[in-house]
Structures are given as C-alpha cells and as structure tokens.
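Heads up: the sequence lines are chains F, W, L and S, in that order. Counting in the working numbering, the first sequence runs from 113 upward without gaps. Counting in the working numbering, the second sequence runs from 113 upward without gaps. Counting in the working numbering, the third sequence runs from 681 upward without gaps. Counting in the working numbering, the fourth sequence runs from 681 upward without gaps. Think of the CB as a built atom: it goes at the ideal place given N, C-alpha and C, for glycine as much as any other residue. First comes the structure, then the notes that go with it.
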Amino acid sequence: MHIIREDGSLDPSLDPGLSIDRVVSLYKAMIRTRVVDDQLERLQRQGRIAFHVGSLGEEAAIIGSAAALRDQDWIVPCYREVGALLWRDYPLQRYVDHMFGNADDPVVGRQMPDHTFSREHRYLSVSAPIGTQLPHAVGLAWAAKKRGLGECVGVFFGDGATSSNDFHSAMNFAAVYQTPTVFLCRNNGYAISLPTARQTATRTLAEKAGAYGMPALRVDGNDVLAVWQAVREAAKRAYDGGGPTFVELMTYRLGGHSTSDDPRIYRSKEEVESWRRADPLVRLRKHLEQRDVWDHDLEADWRAACKAELKECVRRAEEKPAPELREMFTDVYKDQPRHLAEQESRCLGGPRAAEEEDHD
Amino acid sequence: MHIIREDGSLDPSLDPGLSIDRVVSLYKAMIRTRVVDDQLERLQRQGRIAFHVGSLGEEAAIIGSAAALRDQDWIVPCYREVGALLWRDYPLQRYVDHMFGNADDPVVGRQMPDHTFSREHRYLSVSAPIGTQLPHAVGLAWAAKKRGLGECVGVFFGDGATSSNDFHSAMNFAAVYQTPTVFLCRNNGYAISLPTARQTATRTLAEKAGAYGMPALRVDGNDVLAVWQAVREAAKRAYDGGGPTFVELMTYRLGGHSTSDDPRIYRSKEEVESWRRADPLVRLRKHLEQRDVWDHDLEADWRAACKAELKECVRRAEEKPAPELREMFTDVYKDQPRHLAEQESRCLGGPRAAEEEDHD
Amino acid sequence: MPQMNLVQAINSGLRGAMRENDDVLVMGEDVGRLGGVFRVTQGLQEEFGAERVIDTPLSESGIIGTAIGMALHGMRPVSEIQFADFIYPGFDQLVSEAAKYRYRTRGEFHVPLVVRTPYGGGIRGGQYHSQSPEALFIHTAGLKVVCPSNPYDAKGLLLEAIRDDDPVLFFEPKRVYRAVKMDVPEEPYSIPLSEAKIVRAGEQVTCVAWGAMLYEAFSAAEEVAKQGIDVEVVDLRTLWPLDLETLVTSVEKTGRLVVVHEAPQTCGFGGELVALVTERAFLHLEAPPRRVTGWDTPFPQTHEQEYLPLAHRIIPALVETARY
Amino acid sequence: MPQMNLVQAINSGLRGAMRENDDVLVMGEDVGRLGGVFRVTQGLQEEFGAERVIDTPLSESGIIGTAIGMALHGMRPVSEIQFADFIYPGFDQLVSEAAKYRYRTRGEFHVPLVVRTPYGGGIRGGQYHSQSPEALFIHTAGLKVVCPSNPYDAKGLLLEAIRDDDPVLFFEPKRVYRAVKMDVPEEPYSIPLSEAKIVRAGEQVTCVAWGAMLYEAFSAAEEVAKQGIDVEVVDLRTLWPLDLETLVTSVEKTGRLVVVHEAPQTCGFGGELVALVTERAFLHLEAPPRRVTGWDTPFPQTHEQEYLPLAHRIIPALVETARY
Ligand SMILES: Cc1ncc(C[n+]2csc(CCOP(=O)(O)OP(=O)(O)O)c2C)c(N)n1
Ligand SMILES: Cc1ncc(C[n+]2csc(CCOP(=O)(O)OP(=O)(O)O)c2C)c(N)n1
Ligand SMILES: [Mg+2]
Ligand SMILES: [Mg+2]
C-alpha cells in the first residue's frame, strides 16, 4: 500500500490527514536519524567507537511506527530502532555516551554499542539474540491488559526473526490471549546475507500471521504515511480489545548489516541502486517540497544542525572517563551477594591488564 | 473429507480402490492395536508395568498413515504410534519385553515404556520431549533427497506439538528446502487437558501450513480410507520432488492421555460418548460387514487370537530377568570412555539398593 | 497446625501469595483445569479464575518468555514447567534474557519471575522425567536457584522467592511430593534465601545435600552413627547464591566433606562445592572431599535405584571419608 | 609447509573433510555466500556448491535439529552456530536429542554431528558475543567437547571430530582467529580426541588452560619463570572426555594446580577439574588448587580486559600457589 506516490504526490483517497507540521516533524526526525547514522559509521571506521548498527533506508518504517503509537504505549526494540527512541525525545547525548561506553553510558559499558533502553520512554532493552524480545512484548501487553491499562505494545523485529523459536511462541500466545501487541516486522530484504526469499517459502511475511489466526497488514515501509496509517490502525485494534496485529513493513537495508559487514559480497550494486531510488527520505522530501513547506535551504540548515548537535555530543562523550571498574560487579542481582562482593574486591585490589592487551 | 460414511457405506466417488483383503488387514491391525492397548492398561493398573500411553480411538489415523507409506519410507514417531510399528511386523514379543524393561527390551530398561525404535523397520526413536522429532524427520528426508534415494519420511505429532519451537523450525526448513516429509498431525482434540481450541486461535491446524508455503490436507482421521488416501497423496508429492505436505488427521483421544491421567477432570462424559459413536473400528467394521467379508465370529476369533498372543508375550516377558546393571554404562558414547569404565566398576563393585527403596 | 505434604504446602504457598498480591499469577501447561499433572495447583483456578491461573499452549519458551514480559511490567508470574527435563525450550529465555535483564539495564528493569518445576528421579520416569539440571542455572550469573527438601521449607522459600525481585528457579523434589507430611502453618510466612540448615549436628564428616537426597544423606548418617561415625548433615535449601559460610564452618570443624546430588557428577554442583571448600578450608581437610552423585549417563529407568545416590551409596562414602 | 592462522586452518580442515567424504556438509547462518561472519567457510560454497554448503534460515534449533536428522541417516553434517552465545535456541536438540540418541537406542542409531562455534571474549563483543558455555555441554552425558588453541591442533582435531561417531561441540577461540599463524599441512591429518598436551614442562605448579587463555597461561608462566617459579602448562585441547591422566600425573609431580578459563567461575569446568584432581591427588597437594576465571557476572564490554583471566591475573595466582 502506497499513500505518497513515487513522484511525491499524495493519493488523496488514502491521506491519513496528518497536519503538515506533523509530517515535517517526521521528516526532520528521519533526517536526524540518517545524519546520526552517517556520523557514527565514520566514528567506527576511525576506531573511535567499537560498533554501530544503523537504519539507513529504514527510517520511515521505524519513525512512522513510533509516531503512530501513543506516549503510554511501549516500544520493544530489535536493535536498529534508536530513531524511535530519539523520536520519543531520548537525549542524544545519552545515546552518544552509550555508543562510547563511557561513565555516563546508561549501561556503563556493560553492553555493546546500540543496546539502548529507557523505562522513562517506555522502551525495553535491546539484546542481541534474535527474536527473544517478541515474547516479552506479548507478556508486557498481556500484563497491561490484565491491569486494565489502555496501553499497547509495538515490537520491532526483522524478516530473519520470523524464523526464530520465539516468533512462533510470541505470535501464538498473542493470538490465543488476544494481547494488545503490534508486531512490527521490518522486512528489509536480508538477514545479514540471507535474502528474505530464502528465509521462508512464503511469498510474503504477512501470510505467516494466518497460521496464528492473527490479522495482518502489509505496507510500503518506505512511505512514512502508509506506515503511520497501518500502525495506527493496528494500535486502534489493540486499544479496542481487538487483539494483536502483524504489520509487514516492506523496506530495504541500504547499508551493511552493521559496521562489521561487507554487503558487496552477497548483493549487487544494481539491486542497491534500484532501492536507493526508493529512499524514503527522497520521496518524503519531494512531497514536502510540493507542499511548499520544505526547500534546499531548510534541508541544508537542518542537516547542518543535526550534524553540529551530534559532533558536540561526541566531543563531550570523548572527554568523559570510562565507567568505574566496580560497575562490572553490580546489578547482577538487586543486592550484591557475598561471592560477588568478594570478586569485586579481588578485582579492584588486583593488578590491571597491560594497555597493549587492549584490543581497541 | 469422508470416504466411509457414518453408516459404513463407501462414497464410490472417493473410493481409493484398495483391495478388500488390504482393507481387512487394516481392520485386523486396528483391532490388534486396540486389544494390546486394553491389555497393557490392565497390566499397568495391576502394577505389572510402570506406564502406558495408548492410541484408543486413533487407530485409523495411525495405521492408515503407516499403510500409505512404502517399506523404504521412514516413520518418525511421537509416542502413540506403536500400531504403525506393529503394522511393519515389529515382533510383538519385543514390544512387550520393552514394556517390561526386561533383559530382552531393545533399550534394556533405559527408557520408559512405549519408547520404541527399530532401524530394521525404519522407525526412529520415541523421545518424550514434544516436537523434537520434527526437525529429525526433515533432516532425514533432506539426507534421503541429497543422496538421491526415493525415500520419504512420515512424522507423527499431536495438536499440542504445533505450538512447540521445533514445529516452527521443522516446517520452515522442510518448505525452504522442499524435503520429502509428510507431517502427520494427529489432532486428537487435546494436549493432556488443553483442548485444541485453546492451543491456537486458528480454526484448523491445517491453516498453519500456509505460514510456511506448504500445502495441507485435512481429513477425517477416524476414516481409515480417507487417511490412507490423503497420506498416499502427500507421499506421492514427496516422491515426485513436490516437497513436504501437512496432513491434519481429525480424530479424538478416547482414553486418558496416558495411564497417569484422569480425563474426567477436564472433559464431559457426553463429549466422550459422542466420539465413541465415531469410533474408527466400529465404522470400518460396519463397512466390512456390508461387504460380507467380516462377521461376529471372525471378530470374536480375531480378538481372542490377539489377546492370546499378547498374554503369551506377557507370560514370557515376566519370566525374563531385569537387564544387567552394566547396561547402564554403555552406549553413552561409541567407545566407553575411562570415566564411565571407572563408574561402572564402582557401581558393580558397590552395594545394591535395599528392595523397599524400589518405588514400584 | 495442619499437616501438609510437599504438594499441599506448595499449593498453600501459591494460594497465600495470590491472596496477598494481585500481581501474582500462575501459568503453565495443565495447571488450571487439571490442577497440574502432580496436582500442585489444584483448586487455584476455582479460587482465582482462568485469568490468574492460566492454561498455556505447549511452549516453554512462551511460558517463560511471556512471563518475563509480564514481570517487566511489574507483575509476579509463577511459571510452571511440567518437568525440569522440559525446561530446555525455555532455556534461551532464562539464560539470555531473565538472567541478564537487570545487569544490561543497570537495574532500570528487572524480572521478578519464579519458575517452578519438579525435578529428580524416583517415579520410574526414565531419562526425560527424572533430570536434575540445577547446575546449568547455577552457572548462569543472574539467576537464583532454590531446592527445598520438606513441606515447611518449601512453602516459606516459595513465598520468599515470589517476593524476591530477581528470577528464581524453584526445583521441587517430585520424589518427596507425597512422601513426607509435617506441620505447616495455613498463613503465609517466609524463609530467607541463601540460608542453609544443619539438620543433624556432627563432628566427624560434613555431608551436604538438598531436595530428595537430603533424606538419603540423613538416613546414611543415622546408619553410620551406629558404627560410631558422627556426621553433620547440611541441607542447602538455596543452592545459589550459596550459604558458603555455614558449609565452610562445618568443614573447618569436621575436616571432611561428602556432597550428594542426583545430577550427573561431571560439572554438577558437587564439583563446585568441592572446589569452593577446598579453596577455603584446605588446611582443615583431613580427607579428600567426596561426591556421591548420579552417574555420567542419561537417567535410566529399570535401574533407577542404582543410578540415584541413595543411602546404600552414601554410607560407604561416609565411612571411607571418616576412616581416611 | 603453508602458514595458516586459525581461520585458514579450520577452513582447510573443512575442505579436506568434504573432499574425502561426500557425506560431510556444512550448514549455518551466512556460511555460504558470505563465507561466514568470520570467513571461516570462505570459498567452500564455490567448491562444493549450495547443496553442501548451506545458508540456513535464522533458527539454531533448525540448524542443529535437522542436522541430527541428516546424521541419523548417515551423513556427517557440520553445523555452524554464528556465536556460542546464540546456541541456546538449539540447546534442547543438543542435550535432549543428540546427546541421548545412542543411549536410548542401545547404539542402533547414533548422531555423527559436529557443531562448530566461535566462543569467548576479546573482540569487544559484550555479553552476547563473548560467552564460553562449554560447562553446560560437559555436564551433558553423551556430548564431546573440543576446544583447540592453535591452527595445527584445530585442523587435526576438527577432522577427528568429523570422523567421530558421536556428537562433538567444537569451540573456536575467536580471539585467536587471526592472531596466530603457524605451519599447517595442506592435506588432511588428525589428532586423537581426549589427549591433552603439555606445552611447557615445569616442576612447581601445574597450570591448565585451553583455547584463547592458553596463551595467557603460557605468558604468565614465562613471566613467573623470571622469579624462579617453574610452571608446567597443560593445553587440554579436548575438554570432555577428559585426559585426566596427564593432568593428575602433572599435579602429582608439582603438587600445585591453577586452572584458567573465561567462563564464569561458578559451576564452570574449573570447579570440576579442581574436584577431580583433589579427589585423586589429595595427598600430593601442597597448596589449595586455584581458579582464575571470568567473574560471576554477564560478560561486560568496556572492561572486557578486566573480566578475562589474562596474564595479569594468572601471574599472582601462580606466585601465591607456588609460595603457599
Ligand atoms: C539467535 C541468534 N542467532 C544468530 C544471531 C546473529 N545475527 C545477528 S543479526 C542477524 C540477522 C537478523 O536479520 P533480521 O531479523 O532480518 O534483522 P535485520 O538485521 O535485517 O534488521 C543474525 C543472524 C543472533 N543475533 N541471534
Ligand atoms: C517440551 C515438553 N513439554 C511438556 C511435555 C509434557 N507433555 C507430554 S505429552 C503433552 C501433551 C502433548 O499433546 P499433543 O501434542 O496433542 O499429543 P497427544 O498426547 O495428544 O497425542 C505434554 C504437555 C513434554 N513431553 N515435552
Ligand atoms: Mg532483515
Ligand atoms: Mg493431542
């Protein structure tokens, strides 16, 4: 389903009627995410951060989904959705501190970069294992339902995750107990090197919802209005006690899987080029320009502002010290048990690793 | 889909054209399985065997499926399908020895009763964990395909198993790699106490195949000809390189889940009664009587013969000694490692448990 | 005070927890209508309804994974895994998620989840209805592991586990379910985690056990007492975090240690206990610490009584250790 | 003779095995077209085709479960799990099925399966790209566990593992993948399982390690040699079934033991080794056996170098043990 056509014009019959300011704010958030991605990739290539997993090309799917949910709704991330967290006004400095694993990193260097979370923003914790967040999203929504709260839960995951064990149990439990869960499947064409066409024998991923008796929607994930529309419809169903919905967001991972990946090994330039032409930012910009609310100068200024903002955050982040060593030994349990107190003092009282040991 | 109608008459348009002798042999195998079940349940109640899990009411689904496969095809069991193994002429004495876990038990008392296997009969090993056999059936079929053998694999499982992790990966791998696997889903209405209607939100289990791009068939599992027909069609597709098929066999577990279960707690007499009227044996018997190949005397003689045969096997089984203790320490690995040799001699050289310790 | 067996005491503990806190719920296969295959949850659905005593589809990853989600929302789910042998489909959720959630969010999120499951031999269950996988969870930082031996402890420890803010594996010795009866208060009470109990004071050998094997250790101790060997029997009750002090203090006194458990010996919890005690009480040790455990094979059926480390195997270990 | 790093040696081993036996195939996530995220299977799909070097969907239970089925048919699949941290979705198939199939069919069926997986820290991978779960598999009767430290051993042990008729977990130290180069023959050869190697003879302390930590143990030994402490360093190579003889013989000579591993200490393999040696060489022990291991926390990222039991932590343990 398209709402914004290739040429940027709007299909009036499908216009969800978002105010123009709102559409502009979506666009600005998408640009900001894109700029942050570009800069972080540079930093990683320069060896200043260890790792980055970006959302190049998937900004509409991610930010459109986040925008369609309400503040009281939960977002359960996969690992590419920091754009959704920033949309909820998560401080960029905090994110950059996390990327550097410094003393102000909310997880004090215990996780790899891009493993964010924020209770304040109703955003659960990213973990690397594929699919494990799906049953959490169902349980979270189930609890909200049992407690009579109007919350719903949007959970992000990729095409590859549909093959995981947890996808199966999460989809089944959500449908059997009619939990207010919105399954946000970013079908970006690849699971690292495996094309979606070889991940499953079905033509679409949306078909999978049928196996659980769950309704599904399938939209152009590069069309931010179409994404917003579909996710809002699914969220409405959830609030109204209509249970879960599976939303397939058809998009494409324009970049590598992560900074560790070299996609040229497994896909052609031509394929990537053809998708570049479908870049969600380009299409939305055309639309905004047609509506005379955006132009070259605004674009240049906004990109410059985003870049400056990030660079300032990076400057600060790099000045900050590493987390204290003792942070390694807390939060394993609520109260530190005796054996960990002992290990902590043995570690703190012991010698330090030689610097050259440091594989930075 | 029905072929034999309630009243026992045949729907000529659907008649698979099995010879009458063949149909009689199916009926006799079903009766034999029923008699064996009855007797083993008695033995368990008398405390002479530890456990039994029967197939009361599911004989048509099990034996009809087995009969539709060829000798070179593999059967991968769940745990209720000893009828399929006996159909392949597995010696009844061996089965009864297994039920007693005596010295002639093929698994020398290492497993619970009803955990059979036989390479000679191309029948893999029963294991208790639900669903784990499904990926094996896919891998087995995949290997047969890679090796260019014409084999296909029929794998039994229940309605509950469709919720298992392994169901998901097995179905997906089978469809992606087009393995010659026939998924034989005994939908017997319950997973212990959970009705199928609360195992999933779908109306049928056959619908689940769609999520994997796999064709599905759904038949009356109490109609042995309908079962034979559907499984033969699926097997044909497998031989012809058409890949896997999901076959839902609609049946009902007339007995308890196992000898440890009391189904009266979770289902009504009326429900069970209504299904007794659909007993696959009754319907097939009507049909055979209509075709003048079966009557009261033949029935009585055959049941008596089956009972006598079993009783003789039991008599022999009970005379046999327990497996030797050292059997506990072999086959963990192909060659016994040193630590197990040591443990074996420590055990054999040590004291024995007091008899009253024996919770029989 | 009413007499309860282990099944009744756990049932009473669940009932009490659900009465005092609406956030507590029970979920698992066959726990509702049927009341559990061992009847531990019998009657709970009648009292609390199907919304709080939930019959789930056949998926341990779903039972544990969705419970983690509920716990993240602030509820206190108690998941039942029908047999410990069937916990493995939910293993990833336990070790990758429940165990690490607090650490990886610096305490911003935590998982107050209890996973109850019957473990161990004694019912002729063969290799898939007899396992004791506690070591796998003790090895996983972030999980707590409890294993009561008697009805009174079981109820108190269960209530404490449910109140605990971290994920707790609660292993129930199915062999003891109906074998022991004792006084158990109707009302809720709690027993702190990580406190071992000396169930028999002794001077010459320290014998550590838990769950069903505690009785075997105890009767072995009584037996060797007749030969003048005075054994101190310690019931760990909570396996992890461990009450190491009680254990080390006892071995400093006796100079001798015998550990008993049903799980296979290799990489079982017994090895850890021997290592810890050897590291801390080395100069007090007068004999090599001994382990009496299940053999390093899958759990058999016919010869179950010879697989289990019952009194007949503990007695010679105690004697040899004492006489060493 | 060509020089190979660990990645090249394993690649060469796989190539050799696939050339000499058509039943050998490789399957896993991204192993084909991409050649594996660590490039271990690079070039194999070009030589052997997509039917024998199989890119699978994202399902470890499928990768291991279907491989078991192929192995039951007589093939010799080598499954790759992209990181050991992601083996848990396939855990049930390994412990419930692969490990028990031979036992529960009295040898009528068996599972010649190899599961290769990179393990351990050293790449700043944080808690989900750094784990060392070997103890979980050593505890499971029926599995073999191999962990080479260098390219030559890796190729020989891998070929042996593929020829072995039982399931083998093959843990590859990712920290060593490209760090070490040595002579490795082009053609296939094999090194028997369950044979440890003394990589440094010594008289005063026995230091046991494997995989990536072997280098740390070795450099620590060289370091303390300057202080006149003579350490014997043992590379286990196969973790289970264990070459206990070599270990006990060494400790009978030195009277002192230090075990090093990356996994958390509690219920890690180190505890088992300490217990085994204490049971068998008690009267030879002149100091308490020591463990230098990962801490009992999830694996951190920023402070990875202080989590790992590197030389700076092994050295004082060796000194204290020698001086005890
Ligand atoms: C259980 C598990 N297996 C393997 C991996 C390694 N891995 C990380 S991302 C990834 C591909 C995920 O693809 P998809 O679900 O489509 O998400 P995308 O990266 O495309 O957004 C894989 C295989 C993992 N993280 N977890
Ligand atoms: C992984 C796992 N979880 C739980 C069990 C306990 N259990 C044994 S049989 C069963 C129900 C199976 O139902 P279904 O798949 O419909 O097969 P049926 O018994 O009806 O033939 C359960 C829950 C098990 N064996 N394995
Ligand atoms: Mg993808
Ligand atoms: Mg059923």
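Checklist entry - Glu731(S) by DSSP, collapsed to three states: which one? => result coil
Checklist entry - Any beta-carbon of chain F closer than 7 Å to the one on Lys87(W)? => result Examination of residue 87(W) is not possible in this model, given that chain W is present from 113 through 472 alone.
Checklist entry - What did DSSP end up calling Thr926(L) once you bin it into helix, strand or coil? => result helix
Item to check | Residue nearest to Ser370(F) in terms of C-alpha spacing, selected from Gly166(F), Asp149(F) and Glu456(F) | outcome: Gly166(F)
Checklist entry - Sorted by chain position, which residues of the same chain lie with C-beta nearer than 8 Å to His471(F)'s C-beta, five sequence neighbours on each side aside? => result In this prediction, His471(F) has a pLDDT of 39, which is less than 50 and means its spatial position is unreliable; what the coordinates show is noted afterwards. So the list is empty, once near-sequence residues are dropped.
Checklist entry - Would you say the beta carbon of Gly243(W) comes nearer than 6 Å to a heavy atom of ligand 3? => result no
Next on the checklist: Considering just the uninterrupted stretch of the alpha helix (DSSP H) at Ser899(L), what are its terminal residues?
Outcome noted: Met893 to Ala905
Checklist entry - Is the CB of Ser870(S) under 7 Å away from at least one CB in chain W? => result no
Checklist entry - So, is the C-beta of Asn284(W) closer than 7 Å to a C-beta in chain F? => result yes
Item to check | Positions along the region 793–823 of chain S whose CB lies within less than 7 Å of some CB in chain L | outcome: Gln807, Ala815, Leu816, Ile818, His819, Ala821 and Gly822
Item to check | 8 Å contact criterion, which Arg804(L) and Gln981(L) should meet: CB distance rounded | outcome: 6 Å
Checklist entry - Since Gly822(L) and Ser810(L) are thought to touch, with beta carbons under 8 Å apart, how far apart are those beta carbons, to the nearest angstrom? => result Not really, about 27 Å apart at Cβ, beyond 8 Å.
Checklist entry - Going along chain F, which residues have a C-beta under 9 Å from Tyr783(S)? => result Under the 9 Å cutoff, chain F gives no residues; its nearest Cβ is about 26 Å from Tyr783(S).
Checklist entry - What do you reckon, is the C-beta of Ala747(S) under 6 Å from a heavy atom of ligand 3? => result no
Checklist entry - In the DSSP assignment, what residue or residues form a beta bridge with Gly266(W)? => result Ile187(W) and Val294(W)
Checklist entry - Where does Tyr799(L) sit, in a helix, a strand or coil, going by DSSP? => result strand
Checklist entry - Does DSSP classify Lys257(F) as helix, strand or coil? => result helix
Checklist entry - Whose Cβ in chain W lies nearer than 7 Å to the Cβ of Tyr987(L)? => result Met440
Item to check | Cβ contact check for the region 814–833 of chain S and the region 841–852 of chain S: 3 or more pairs under 8 Å | outcome: yes
Next on the checklist: List, in chain order, every chain W residue whose beta-carbon is nearer than 8 Å to that of His790(S).
Outcome noted: Lys446
Checklist entry - Listed from N- to C-terminal order along the chain, which residues in the region 732–756 of chain S have their beta-carbon within a distance smaller than 9 Å of any beta-carbon of chain W? => result Arg732, Ile734, Thr736, Pro737, Ser739, Glu740, Ser741, Gly742, Ile743, Ile744, Gly745, Thr746, Ala747, Ile748, Gly749, Met750, Ala751, Leu752, His753, Gly754 and Met755
Next on the checklist: With the cut-off set at 7 Å, would you say Pro1008(S) and Ala834(S) are in Cβ contact?
Outcome noted: Missing from the structure shown is residue 1008(S); chain S here goes from 681 to 1004 and no further.
Next on the checklist: Any beta carbon of chain F sitting closer than 7 Å to that of Pro921(L)?
Outcome noted: yes
Next on the checklist: With a threshold of 7 Å between beta-carbons, can Lys398(W) be considered close to chain F, or not?
Outcome noted: no
Checklist entry - Are the Cβ atoms of Leu337(F) and Pro189(F) separated by less than 7 Å? => result no
Next on the checklist: Quick check on Glu709(S) - is its C-beta less than 7 Å from some C-beta in chain W?
Outcome noted: no
Item to check | 7 Å Cβ cutoff, Arg786(S) in contact with chain W | outcome: yes
Item to check | Length of the line joining the Cα atoms of Trp975(L) and Ala180(F) | outcome: 58 Å
Item to check | For Gln151(W) and Asp404(W), the rounded distance between their alpha carbons | outcome: 29 Å
Item to check | Top-ranked residue by Cα proximity to Pro433(W), from Ala215(W), Gln455(W) and Phe279(W) | outcome: Ala215(W)
Next on the checklist: Taking beta-carbon pairs under 7 Å, can you tell me which members of the region 192–221 of chain W lie near chain L?
Outcome noted: Gly213 and Gly221
Next on the checklist: According to DSSP, Trp920(L) sits in a beta bridge with which residue or residues?
Outcome noted: Val825(L)
Next on the checklist: Alpha carbons only, please: which of Arg182(W), His210(W) and Glu232(W) is nearest the one belonging to Pro435(W)?
Outcome noted: His210(W)
Checklist entry - Can you find a CB in chain F that lies within less than 7 Å of the CB of Leu838(S)? => result no
Next on the checklist: Let me check understanding here. Comparing Cα to Cα, which of Phe212(W), Glu439(W) and Leu197(W) lies closest to Gln156(W)?
Outcome noted: Phe212(W)
Checklist entry - Is the shortest distance between the beta-carbon of Ile377(W) and the beta-carbons of chain L less than 7 Å? => result yes
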